[in-house]
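Structure, as structure tokens:
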Amino acid sequence: MRRITLIVTAVVVVLFIISWIIKTNTVPEDGTFRPFIQGFLVTFAAFLTLAIMSFLYRDNPFYKFAEHLYVGVSAAYAMSLGFWTTLVGNLFPRISQNLSDWFGVPFLHYEWHFVIPPILGIILLMRLSPKGGWISRWALAFIVGTTAGLNLPRFLRSDFIEQISSTFLPLLVQWQGVGPFFSNFSLAASGQFIAILTNITIFLGVLCGLIYFFFSKEHKGVFGTASRFGIWVLMVTFGASFGYTVMGRISLLVGRLTFLLKDWLGIIS
Amino acid sequence: MTNIGVYISLLLIFGGLLAILIYSLKGRDVDRRIIFLFVLFSVASAIIFHIEFEESATPIVKKVFEFVENLPPESKILISFDFDPAMKPEVHPMANAFVRHALVKGHKLYLMGLWPQGQALMTETIEYVLKPEFPNAVYGEDYVMLGYKAGNEGVLNVIITDFRKMYSTDAHGTSLDSIPLFDDVKSAKDMDLIFPVGGGKPGPKEWILFVGDPGNVPIAPGLAAVVAPLIYPYYPRQAIGLLGGVKGAAEYESELKKNYKEFENVETPALQMMGPQTMAHIVIMAFIVIGNIGFFRARRRKWQEGN
Amino acid sequence: MKRTIPVIIVSVVGTVLVLSVFFPPVQTMGEDFSLFFDIIAVFAFFLGGGNLVRIHLVKIYRKRPDWGFSVVTLVGFFVTLLVGLGKLSVTGVTASVTAPDSFLQTIFVNIITPLSSTMYALLAFYVASASYRAFRAKNREATILLIAAFIILLGRTPLGMKLTGWIPEWLSILQIPNLAVWIMNAPNLAGQRAILIGVGLGVVAMSLRLILGMDRTYLGSDND
Amino acid sequence: MIFGKSLYCSFIIIACFFTVATAQNEAVATVDSVGQILPQPPGNIIVADHKYDNGGIIDIAWDRSPDDPLGIDGYNIYRACGDGDFEIVAFVLPGGMESYSFIDDKVERGESYRYKISVISSGGESFSESSVSVRGDWEFFDLDKLNILILGIIVCGSVIGFIFTARAGRKLFIRKISGLEALEEAVGRATEMGRPILFIPGILDMDDVQTLAAITILARVSRIVADYDSKIEMPVSRSLVMTTARETIKNSYLAAGRPDAYYDDMVHYVTDEQFGYVAAVNGIMVRDKPATCLYLGAFFAESLILAETGNYIGAIQIAGTARPGQLPFFVAACDYTLIGEELFAASAYLSGDPKQLGSLKGQDVGKFVAMAAMIIGTLAVTVVSAWQFKFFGWLSDLMYSMFSTN
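Chains as they are written, first to last, in the numbering used here: chain A, 1 to 269; chain B, 1 to 307; chain C, 1 to 224; chain D, 1 to 406.
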């Protein structure tokens, strides 16, 4: 091991212990654990946070430690939850009185066809063996088939048909066909003009956006102009996404820093 | 004291930005790690010095709030925790605000989740918000924790016709038949409102596709900022309104505070985050401007050299 | 045998699920298939766990670089699995797997939460450095994008109101928060809807190809 | 005790008063043996089989009891199967409506049922007449979803139709995709500068459509590279992608008649770990300074980091992904971006695969239907909102019934 690595590790260990001691004496009592253990838990959480952040400087053993821990723990977490909620909750009450009693869930009634999913599940696990891999495709096929069968009608309904009728918007708002068009012209955000502008933008935006993604006709002439307008609308859309994504990422950082400053360092209350 | 701190850190931040501007005008490159430190400092100082702002709800958030206001008492509201800790700072405040609003209006709450991590966060909500703030709420009569189920869209496709087929018990192993809240509930269609809170897959989009549209149930999604713009096409017909990111959460929190005296002193994490959030937005916008100034200068120089 | 049966399974399951939407008599079967899917999804978690264990055991066994970290993964995995499957807590076995006093909840709060949320918090830093070094108004499209992003970023913070709050009511669309709301409600909605319709049709076509057995990429290559 | 009783009596007196005061020409209140006033029963009970279901649902509706506005406890719903006895199946709270409805979803298909509604108040319970007998039937087809089926058949039919047309050898037109021309230019520039081309196929495995599209485009890129005699470098994060990519590039070099110039190390596997992969690619970029970077495939958070480094080393960058969350970053940081479906269209165009071409064409039919419907529907709604012409009213109703599902 290089000397610098040793020194850094030693410093981290010392800081960890100091923090542990201080936290042990300052954490509020919550009844589940003794302060000694609670102090450790908070310090450990802070250590993991900083270990991941150290990747910003460069890839290093602390980051690798944290990342590897994450991979292992989260896989086991999902397995535990899946076991208790779905296998114990949905499968056992349908296939075995004994298993249901053992795990303390109310037994429903026998449904013979519910032996199929566990069989397919075990077939899926065959993928772990080098030779039985091919049979795991049966289970995979079930998953693929279910997803395809579930998605087809629902995407057709919600993302295609419903979207079309949602675009049927009156392009003339608050006008009864006679008299002056604008009762009170203004650029107020809640005014008539902006309402009309909104509907026209939506209508033309969707139309031209679709034209941009239309591949059966060359983008020339009117079609070309429309597709150019379409790409501008798409760019505004991406700009909005961009802004929101930045906002989201920052929120996560704020959340993490709040943990460090509040729960760990106790600088703010 | 705090004020001085605010001024000093503002001064440092703007001074730093100026320095970076000058640096890049000279055509030199600023190391990315300096930028990292800069972001860290500006966000941390805003957290420490508690820069807080007022919020007012935008129409799209207000629609959700008013929908809950206008529901008859004892309506059935389902909140789905479809997120993990990585999204928690943005969307957990929404889930908590929904819980507060629903209970203070006397509605019945059903909590479930499509993400395994959601169940642990559900527990946090119940322990830190529901139980301390609503000590009179009775489990099984006012709220119930159904917990997580594996299977993404598959779960939704079953609960749209039958809850009991998917959840034979709640998260504690109690049979649904012995829970009063389920006396007159058969499927998700019996809900008066569904709040899917999340931002990945499965999440609010799946709720609209698999429950909202086929079952004609009002959906009010609480979304992580990253996916919020993607859900706008469903508004207003397929989603009655939506909350996008920490800003949406902050608006909802402020609306709750404004309308209900009892929430004046509760924690409002989303509102508190808006200060640091604003600071970071300013810094990032400044970076884009500075970067582009450098870019256009360099391009012009190249041009001039070319001629 | 290796390729025909999977294709038949996909077709049958897919067809039943599509029909169950339109034909009430098939509905129960569709629900049962969804439940099957949910149960198999749990086995997929087990598969993930099994794969993880296998990969890291091989790494340790062959003394690959960084094999020591694989030990960390395995220890984390097995400890979590033990307390999770056992529903363990200080006081014994809990009723709910995520009961507030269970060890699994402790691991969740103190290990999973800091790790997964910090992973994503890193992106805030990268967004900042990319905005300084990469986001350029180099053509008309990128310029429009950046301007829209600017308005949204300003409008989503209280600063937007502070800067443009003085604009009178009859011009209030020019106030940045209002403008941001308008962008979200009009051009953003339109663009997203165009994308949504396109992607939706793509999903429909893809699902159809799978159900009809025209697309067999999920089977992978013939070698394994 | 006494206090409680007197309160009870006074309550009854008040209730009587109200009942008498508000009972207008309605049936005289019945008094039971104890002397309390029974509420008047609800009337007009309508029972019907639920439409388009599995047979397990019956709809019940009834008019409220005249006493409803005075405060009742609620309604009990009784059900009898066949000639059997009546049993309580549900309790409905009063809600101030003129009429109530209930959906009984716990009946057996094929059995006949009769229903009775009773109203409960402090005065007791009084029953309505028994309803007619109704059988829980299932319908073979859900007529409410007819429009989904028709539109589904149009879209799916045209996808299938075009796939068969393409298979039969008919040429299907696809417009020029400008990103593809940019590709050629970018490769040319790398050749001029004598620096390599970096190709990143995303971080997902071969089972993702985007990775497949990326490999199709790789075939094209590597062909140009082989023709121009420049260099390509391709670090990947999945071993299966590595195998496929090697094969693809090898074939391109063969087709260009320069199999000797190909070597396996053009494509090398780095690691499956997302951030580990990004760190390694970053290293390669800074070290080798590729003149052109191509990011095609499925990208997640790494899009940002890659594009930033590419910008830093001054490379021409072309990106393409269908992941909406990453598109904005690519558009802002790269010179050219294949947006969403353009990636698939490019792949279909280059490969000439009938399956891809047919799908693309079929989806175009769907888009055409959408555009036409939007124009007609918007026109109808606009005209109706201003002038209320009958024909347009009819037209807008038709459009809504066709394109709305609730």
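Note that CB positions come from ideal geometry on N, CA and C, so glycine has one too. Please read these numbers as outputs of a predicted model, since none were measured by experiment.
- In the DSSP assignment, the residues bridged to F199 (chain D) are D:L294.
- In terms of beta-carbon proximity, W170 (chain C) lines the interface with chain A, with at least one pair separated by less than 8 Å.
- Under the 8 Å Cβ criterion, the stretch 216-231 of chain D counts as touching the stretch 348-366 of chain D, having at least three qualifying pairs.
- Closest in C-alpha terms to I60 (chain D), from the list D:D83, D:S133, D:Q274, comes D:S133.
- In the structure shown, E251 (chain B) falls within a helical segment according to DSSP collapsed to helix, strand and coil.
- Of the candidates A:F16, A:F193, A:W20, A:F193 places its Cα closest to the Cα of N184 (chain A).
- Rounded to the nearest whole angstrom, the C-alpha separation of Q192 (chain C) and V221 (chain D) is 31 Å.
- Taking CB atoms only, K131 (chain B) has no neighbour in chain A less than 8 Å away.
- By the neighbour-count definition (other C-beta atoms within 10 Å, threshold 16), N98 (chain A) is an exposed residue.
- Between V158 (chain B) and M191 (chain B), the CB-CB gap reaches or exceeds 8 Å.
- Among the CB atoms of chain A, none fall inside 8 Å of the CB of A102 (chain B).
- Under the DSSP assignment, Q317 (chain D) falls in the beta strand (DSSP E) whose first and last residues are 316-321.
- Separation of E55 (chain B) and S186 (chain A) (C-alpha to C-alpha, rounded to the nearest whole angstrom) is 26 Å.
- For the set A:S74, A:A75, A:H68, the Cα lying nearest the Cα of V72 (chain C) is the one of A:H68.
- Bounds of the alpha helix (DSSP H) holding Y212 (chain A) are 192-212.
- As computed with DSSP, C81 (chain D) is found in a beta bridge with D:Y113.
- Below the 9 Å Cβ cutoff, chain D contributes no neighbours of W102 (chain A), its closest Cβ being approximately 30 Å away.
- In chain order, I163, K355 make up the part of chain D whose C-beta sits under 8 Å from the C-beta of M214 (chain C).
- For F102 (chain D), the closest C-alpha among the options D:A226, D:H50, D:A301 is that of D:H50.
- When the Cα atoms are used, D205 (chain D) and K62 (chain B) turn out to be separated by approximately 43 Å.
- Taking a Cβ-Cβ cut-off of 7 Å, V72 (chain C) has no neighbours in chain D, whose nearest Cβ is about 14 Å from it.
- Within the stretch 94-129 of chain A, complete alpha helix (DSSP H) segments of at least 4 residues are found at 97-103, 116-125, given in chain order.
- At least one CB of chain B lies nearer than 8 Å to the CB of F155 (chain A).
- Going by DSSP, W62 (chain D) is part of the beta strand (DSSP E) stretching over 58-63.
- Taking a Cβ-Cβ cut-off of 8 Å, A134 (chain C) has no neighbours in chain A, whose nearest Cβ is about 12 Å from it.
- The Cβ atoms of T157 (chain C) and N54 (chain D) lie no closer than 8 Å to each other.
- Against M29 (chain C), chain B offers no close residue; the least beta-carbon distance is about 12 Å (beta-carbon pairs closer than 7 Å).
- Contacts between L230 (chain B) and chain D, judged by CB atoms closer than 7 Å, involve P324 in chain order.
- From the beta-carbon of M161 (chain C), no residue of chain A is found nearer than 8 Å; the closest lies around 13 Å away.
- Not flagged as an interface residue toward chain B: V79 (chain C), since no C-beta distance is shorter than 8 Å.
- Per the Cβ contact rule, the stretch 141-155 of chain A is in contact with the stretch 12-27 of chain C (3 or more Cβ pairs under 8 Å).
- Within chain C, the residues whose beta carbon sits less than 8 Å from that of K367 (chain D) are I197, G198, L201, listed in sequence order.
- Counting along the chain, no beta strand (DSSP E) covers T258 (chain A); the unbroken alpha helix (DSSP H) around it starts and ends at 221-258.
- M112 (chain B) counts as buried, since no fewer than 16 other beta carbons sit within 10 angstroms of its beta carbon.
- S239 (chain D) is bridged by DSSP to nothing; it lacks a bridge partner.
- Exposure of W394 (chain D) is indicated by the presence of fewer than 16 other C-beta atoms within 10 angstroms of its C-beta.
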